[in-house]
Structure formats: structure tokens, C-alpha cells
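In my numbering, the protein residues as written are 4 to 462.
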């Protein structure tokens, strides 16, 4: 714990007495007083009588839940940092808790690794937090609006970012490979924003020809071009008071980028063929699978527009970097497809799940959904086996390319010594690094039990 002459107080709130006992011992430190309660009512009484620096509380509590406890704590003591925990926090719970002012949301199974560092960080930064987000009375008590699925640390970071920026009007740039779910993130940001009563309009900048895109965005006057038989309002007018989602912004022509920049600067534009200036109140969310900084460098994207759009960037991790989400996504798609088509329930065998998790998924979540749909259509029984999973070969991974990569790796090895051991260390080390130290994720990528990976790392 941070060195501090002043004693800090930490409050643990959880109905599980064994957890309270473990956490008290796990967090014991000089100048830290650890208090604990097994219900929300008693926890609130403690906060009202004692200056508590950090509260770590379960979502599931009696006589009221962790969300309500969060609200009441921040009403009484805005400087207190509240961390909520749950077995498998949902998308909506993470976004909502973040918006209500939670310092963080953690999965119960990760507490052994993440709880102490988080508490240390919270105590170090608490004095700099002079104001916490106020709870929103309008936030729903459920997460039916959010459709993003996943329990991985990488995706939960996305949920937390959405929760933090949804209520502002700052432009947001969502970056990620095709098929990662960028539009779902944009929808969640709109649905958890003050603009949710208005419409979110989506336009794919790469799917509309350049000569029509300007009219699609800004509208046109009658007779302004061939085929303009009547005045038409553009997407900026239609989205007034709401959100405009510009998908694949990296494909927008330079000529249209100039006009978009003006809207971002002062909220004004003109229809095609008109002199009248129209003002609009629109929150812009853009998405791209391209690296826009590289596009700027080669002159295909305006630098000034890039910085206007990239006020907040939300990177979406590819599916191969969050493999623990694959079983949940596969089960979700299975249930949705069988229900939609009136089919009998189909289950995934453990071997089929392993097959799905070992695939690289160049097409990301979209490829996984299509794979499950094909498997359902071709299934010969109500249990899917590895042979029922129609996986496509990853592009660019021919046997010749793999052989070349292996030759290059062998050439890098020391001239003398244990070649196999060296290669094992290199491969395992890089996989663990790529998983950001998450041994469970690394073990899945290596197709090893986590216990075996730990033993391998020790050796």
C-alpha cells in the first residue's frame, strides 16, 4: 500500500464471509484500516459515520444492490472511490456503474490478481479526485439496451470507456478491424447518452459513391443536380438532437472531409445547391478499420479532421485477443439462430469450443457468427462436434509461409544450446506478452492448461 502518514480506511462489502476474511488478510498494510460488512444497509451506516477512502462492494447485496449503494455513498461522500465486483458483470452493469461514478468494476475471479493493485492505485489518487460523477436518476436498472457480449479484460475496458464518455458531446473515433463490433459500441454510446431519446443515424461512408455522399450527408435542393426532383433533408438534419454514426470514415473522399470539418467546427452546413446556412446539434461518432494516422501521412485523410474526430479514441480488440469471450459469443449466436429458425436446441461440445478458441478469426465476431450459422444449418445432431465447425483458412497462412516463418525463427536461435528450449521460451514469452500478462488467455492461445503454463514459466 502507498506510504502515507495518514491512516486510510477501506470498506469491504460482500455477503460472502469467507471472501471478507480473505480480502481483509490480502489487503492488510501499514496505515490502512480495513472495515467489513455483509450487507448494504450496514455499509451505508459506516460511510455516514466514518471517512472511508475506498469501498469495494459486491453487486449482489441486501437489502439493496451495489448500484444503489454506489449512489448513496457518492451522495453522502463524493470523494470516496467505489469499486464494484460481480461474478460476470454484464455490459450494461459496467457502463452504468461507470456512469454513476464507480471507480472500477472487477470480476470476482480476477480479484486475487487485481484487487490489491487497484486499491493501492485508488488510495494514491484519491486526494486528486475532488469531484466524482453524480449518479443519474434516469439510468435504467437493466442492460437490455447493450448487446456487446464478453467478459475479457480488454472488452470490459471498452465498456468502461463507453460509460465515461457517453454523456459528453465530444466526438469519438472507434478503431478496430472489420467485424469487431464497432457499430454496437456506437449504439451503446448513444443509448447511454442524454441524446438517447433522439435517433442515432448510421451512414457507411465507403458504401456511397462520392457524387451522392455529399447529398446524403447534407441534403440537396430541388434541381441541384440530375435526379434531384425535390428538396431532401440530409443525415445531419435528420439526426439533429441525436447522434450521427459515420462508419468507415477512412473511406470518405477528401472533398467531403472539408465540409465535414466545418460542421464539426461550428455546427453549420448548406444543402447541395443552396445558399442558406443550416445549424445542427449532432454528436459525431466515427469508426474505421484503417489506421487514420497512416492515412494522414500519405495524404488520404485530412490532418485537421483527424484531430477533430479523435477527441476520444476507443480501440476495439480483435477476437483473437479476447478468446475467453468466444464461448459466450458462440452460445449467444447458437440461441439466437435456433430460436429465429424454430430449431431444436443445439449445444456445443467441449471439443468444439476448443476448436473455436484455437482459430485465429481474421473476420472477428462477424466470422464467428457466420460460422455458427453454417454449423447450425449443417448439423446432423443436437451437439456440435469439431467436425461440424466449418472454419475458413486464415488468409496469408499457406504452408509455405508457415515454413518460411519457422526457418526464420530457427535462424535466430543461438548457435549452441538447447534449440527446442529456446524456441519454447521465445514462443511462450511472446504469447504471454501479447496477452498482456493474462495467463488464462495465454494458456488458451497455447492450448495448454493454465497450471501447465505456470509450471512452464517457472522452469
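Note that beta-carbon positions come from the ideal geometry of N, C-alpha and C, so glycine has one too.
In terms of CA proximity to residue 189, 290 leads the group 71, 117, 290 and 313. Note: residue 239 is not bridge-paired with any residue in the DSSP secondary-structure output. The alpha-carbon of residue 201 is positioned some 44 angstroms away from that of residue 22. Per the C-alpha coordinates, the member of 282, 254, 276 and 278 positioned closest to residue 266 is 282. Here the segment 167 to 178 lies against the segment 192 to 199, with 3 or more beta-carbon pairs under 8 angstroms apart.
Annotated as distal: residue 298 and residue 178, with beta-carbon spacing of 8 angstroms or more. Residue burial is scored here from C-beta neighbours: residue 19 has fewer than 16 other C-beta atoms within 10 angstroms and is therefore classed as exposed. If you draw a 10 Å sphere on the C-beta of residue 252, you find 16 or more other C-beta atoms in it, and that means buried. Inter-residue distance for residue 111 and residue 321 is about 24 angstroms (C-alpha atoms, whole angstroms). Looking at 431, 99, 207 and 122, the one whose alpha-carbon comes closest to that of residue 159 is 99. From the listed residues 272, 258 and 362, the smallest Cα separation to residue 237 is found for 272. When secondary structure is reduced to three states using DSSP, residue 36 falls in the strand class.
In the structure shown, the three-state DSSP call for residue 230 is coil.
In summary, residue 76 is buried, with 16 or more beta-carbon neighbours lying within 10 Å of its beta-carbon over all protein chains present.
Take residue 105, set aside five residues on each side of it, and the residues of its chain with a beta-carbon closer than 8 angstroms to its own are 73, 85, 86 and 87, in chain order.
Between the segment 452 to 461 and the segment 339 to 350 there are fewer than three inter-stretch CB-CB distances shorter than 8 angstroms, so the stretches are not counted as touching. In the DSSP annotation of this structure, residue 204 is not part of any alpha helix (DSSP H); the continuous beta strand (DSSP E) holding it starts and ends at 203 to 207. The beta carbons of residue 274 and residue 224 sit closer together than 8 angstroms. In terms of Cα proximity to residue 165, the closest of 207, 288 and 116 is 288. Residues of the same chain with a CB within less than 7 angstroms of the CB of residue 445, apart from the 5 flanking positions on each side, are 434, 435, 438 and 456 in chain order. For residue 269, the secondary structure class from DSSP, reduced to helix, strand or coil, is helix.
Note on geometry: alpha-carbon atoms of residue 58 and residue 157 lie some 24 angstroms from one another. Secondary structure of residue 394 (DSSP, three-state): coil. DSSP places residue 340 outside any beta strand (DSSP E); the residue lies instead in the alpha helix (DSSP H), whose first and last residues are 329 to 343. In the structure shown, the three-state DSSP call for residue 281 is strand.
Residue burial annotation: residue 11 is buried, with at least 16 other C-beta atoms found within 10 angstroms of its C-beta. Residue burial annotation: residue 429 is exposed, with fewer than 16 other C-beta atoms found within 10 angstroms of its C-beta. With distances taken between CA atoms, residue 123 lies nearest to 29 out of 334, 425, 351 and 29.
Between residue 260 and residue 377, the alpha-carbon positions lie close to 40 angstroms from each other. With respect to the 8 angstroms criterion, residue 352 and residue 387 are classified as neighbours on the basis of their beta carbons.
Partner residues in the beta bridge of residue 107, as assigned by DSSP, are 86.
Cβ neighbours of residue 270 within its own chain (closer than 8 angstroms, five residues either side excluded): 282, 283, 284 and 285.
By DSSP's assignment, residue 223 forms a beta bridge with 235 and 275.
Distance from residue 217 to residue 262 at the Cβ level is roughly 7 angstroms; contact confirmed, criterion being Cβ atoms closer than 8 angstroms. Put simply, of 91, 222, 49 and 227 the residue whose alpha carbon is nearest the alpha carbon of residue 80 is 49.
Contact between residue 182 and residue 65 does not hold, since their C-beta atoms are separated by about 42 angstroms, which reaches or exceeds 8 angstroms.
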